[in-house]
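Participant: Quick one: the structure is below, and I'll ask about it shortly.
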Ligand SMILES: [Zn+2]
């Protein structure tokens, strides 16, 4: 696929002018351990509608003044920014460029994907489903997240690029200059993939019904990507996981007096998120109100079961 590398002021300015005339843009960030405490931003890839034009902004080579018009476009409330799981991207923008570097009007296709899918209550019994190991637990209202590379396949569409090329990347090499060609290709290709997922979701009515946009998806998307705004500490398994965090899809209870902070993911949530039944079905676990939210409880149980399983396998081998 063709794309333009923007590493000089003139190219960046021209790219932003083209992007400004698009009704919506696709945005994706790449770097070393994006969103984590030891992370750093390398490039911002942006595409116009249908990914007709794709630009890779080399933020390490550009001056702040050259990047600012792009940041303004990303932060504005008019142009719709379309992302796939923008949680880490939102953290990284803020860390690199300060608190005004936000996503403004945003649609996260990860959120649209969860909303569109049939119930995980049935799918969780399948091997390799993120809820499979805890399928006998109370998982009502908890949904599995999907990697961008699996999104088309999940909806029955073959993705030729990733079935042919399985790139293996060294995270640190994202900070090298000149950036290897394969890294630039990868960054640009993600924009084309997000655009294809968006077109598919449009056809299937997941992101709009008829000519009507679905504004609630934008509210949910904003809630989702702005959930954690500080970089995630190393080994934190709760702030970023393969499960949809609670109170993203439902309207959160705004009654501050009944909200509390989860001891694991540190989000302020309403009492309903702390109320669940512990243990697998048939065990003596009781429904109660706990200190960790339901998703964090399920994550810790899943980890415990994984460890048990690997210990058992180790013993079998011994
Ligand atoms: Zn939690």
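In my numbering, the protein residues as written are 77 to 394.
Ideal Cβ placement from N, Cα and C applies to all residues, glycine included.
Since this is a predicted model, take the numbers as computed values, not measurements.
#1: Do you know how far the Cα of residue 324 is from the Cα of residue 129?
#2: Please specify which runs of the alpha helix (DSSP H), each continuous and at least 4 residues long, are wholly inside the region 285-341, giving them in chain order.
#3: Taking residue 147 as the reference, which of 233, 185, 101 has the closest Cα?
#4: Should residue 212 go down as buried or exposed, given a rule of 16 or more other Cβ atoms within 10 Å for buried?
#5: Express the C-alpha separation of residue 185 and residue 273 in angstroms, rounding to a whole number.
#6: Please give me, in chain order, every unbroken run of the beta strand (DSSP E) with length at least 3 that falls completely inside the region 121-162.
#7: Measure the Cβ-Cβ separation of residue 314 and residue 375 and say whether it is below 9 Å.
#8: Taking the beta carbon of residue 201 as the centre, do at least 16 other beta carbons fall within 10 Å, making it buried, or is it exposed?
#9: For the alpha helix (DSSP H) that residue 267 lies in, which residues bound it at each end?
#10: Under 8 Å: do the region 117-129 and the region 251-270 share three or more Cβ pairs, one atom per stretch?
#11: Please list, in chain order, all residues with a C-beta atom less than 5 Å from at least one heavy atom of ligand 1.
#12: Does the separation of the CB atoms of residue 209 and residue 96 fall below 9 Å?
#13: In three-state terms, what does DSSP make of residue 373?
#14: Identify whether residue 191 lies in helix, strand or coil by the three-state DSSP scheme.
#15: With DSSP run on the structure shown, which of helix, strand or coil describes residue 103?
#16: Going by beta-carbon coordinates alone, are residue 161 and residue 105 separated by less than 9 Å?
#17: Looking only at its chain, what residues have a beta carbon closer than 7 Å to the beta carbon of residue 144, apart from the 5 residues adjacent to it on each side?
#18: What first and last residue would you give for the alpha helix (DSSP H) that runs through residue 230?
#19: With a threshold of 7 Å on Cβ separation, who are the neighbours of residue 266 within its own chain once the five nearest residues in sequence on each side are excluded?
#20: Residue 134: buried (16+ other C-beta within 10 angstroms of its C-beta) or exposed?
#21: Measuring only between beta-carbons, confirm whether residue 113 sits less than 9 Å from chain B.
#22: So if DSSP puts residue 364 in a beta bridge, which residue, or which two residues, is it bridged to?
#23: Please return the same chain residues whose Cβ sits closer than 7 Å to the Cβ of residue 116, not counting the five positions on each side in sequence.
#24: Less than 8 Å between the CB atoms is what I'm expecting for residue 188 and residue 206, so what's the real figure, rounded?
Facilitator: Taking the definition as stated:
#1: The residue given as residue 129 occupies position 53 in the chain shown. The residue given as residue 324 occupies position 248 in the chain shown. Going from the Cα of residue 129 to the Cα of residue 324 covers about 32 Å.
#2: 291-301
#3: For the purposes of this step, residue 147 is taken as residue 71 along the chain shown, with counting starting at 1. Checked all of 233, 185, 101; the closest Cα to residue 147 is 101.
#4: In the chain shown, the residue the question calls residue 212 occupies position 136. Counting Cβ neighbours within 10 Å, residue 212 comes out exposed, since fewer than 16 surround it.
#5: Counting from one through the chain shown, the residue named residue 273 turns up at place 197. Counting from one through the chain shown, the residue named residue 185 turns up at place 109. Their backbone Cα atoms lie some 8 Å apart in a straight line.
#6: Every beta strand (DSSP E) stretch that sits fully inside the region 121-162 and reaches 3 residues is listed by chain position as 130-134, 156-159.
#7: Working through the chain shown from its first residue, we reach residue 314 at position 238. Working through the chain shown from its first residue, we reach residue 375 at position 299. Yes.
#8: Here residue 201 corresponds to residue number 125 of the chain shown, with the count starting at 1. Per the 10 Å Cβ criterion, exposed.
#9: Indexing the chain shown from 1 puts residue 267 at position 191. Start and end: 257-279.
#10: yes
#11: 338, 340, 341, 369, 372
#12: As a first step, residue 209 must be located in the chain shown, where it is residue number 133. As a first step, residue 96 must be located in the chain shown, where it is residue number 20. Their beta carbons are not under 9 Å apart, which means residue 209 does not touch residue 96 by this criterion.
#13: As a position in the chain shown, residue 373 is number 297, starting the count at 1. Correct three-state label for residue 373: helix.
#14: Translated into positions along the chain shown, residue 191 becomes position 115. Reduced to three states, the DSSP call for residue 191 is helix.
#15: Residue 103 sits at position 27 when you count from the first residue of the chain shown. Here residue 103 sits in strand by DSSP.
#16: The residue labelled residue 161 in the question sits at position 85 within the chain shown. The residue labelled residue 105 in the question sits at position 29 within the chain shown. At least 9 Å separates the beta-carbon of residue 161 from that of residue 105.
#17: Sequence index remark: in the chain shown, residue 144 carries index 68 (1-based). The answer is none, since no qualifying residue turns up.
#18: Within the chain shown, residue 230 is the residue found at index 154, counting from 1. Residues 224-230.
#19: As a first step, residue 266 is located in the chain shown; it is residue number 190 there, counting from the start. If we look at residue 266 and ignore the five residues flanking it on each side, its Cβ neighbours are 104, 121, 224.
#20: Numbered from its first residue, the chain shown carries residue 134 at position 58. The residue in question, residue 134, is buried, as its Cβ has 16 or more Cβ neighbours within 10 Å.
#21: Looking for chain B here will not work: only one protein chain is present.
#22: For the purposes of this step, residue 364 is identified with residue 288 of the chain shown, where counting begins at 1. Paired residue(s): 352.
#23: In the chain shown, residue 116 corresponds to position 40, counting from 1. Around residue 116: 107, 108, 251.
#24: For the purposes of this step, residue 188 is identified with residue 112 of the chain shown, where counting begins at 1. For the purposes of this step, residue 206 is identified with residue 130 of the chain shown, where counting begins at 1. The Cβ separation is near 18 Å, so there is no contact.
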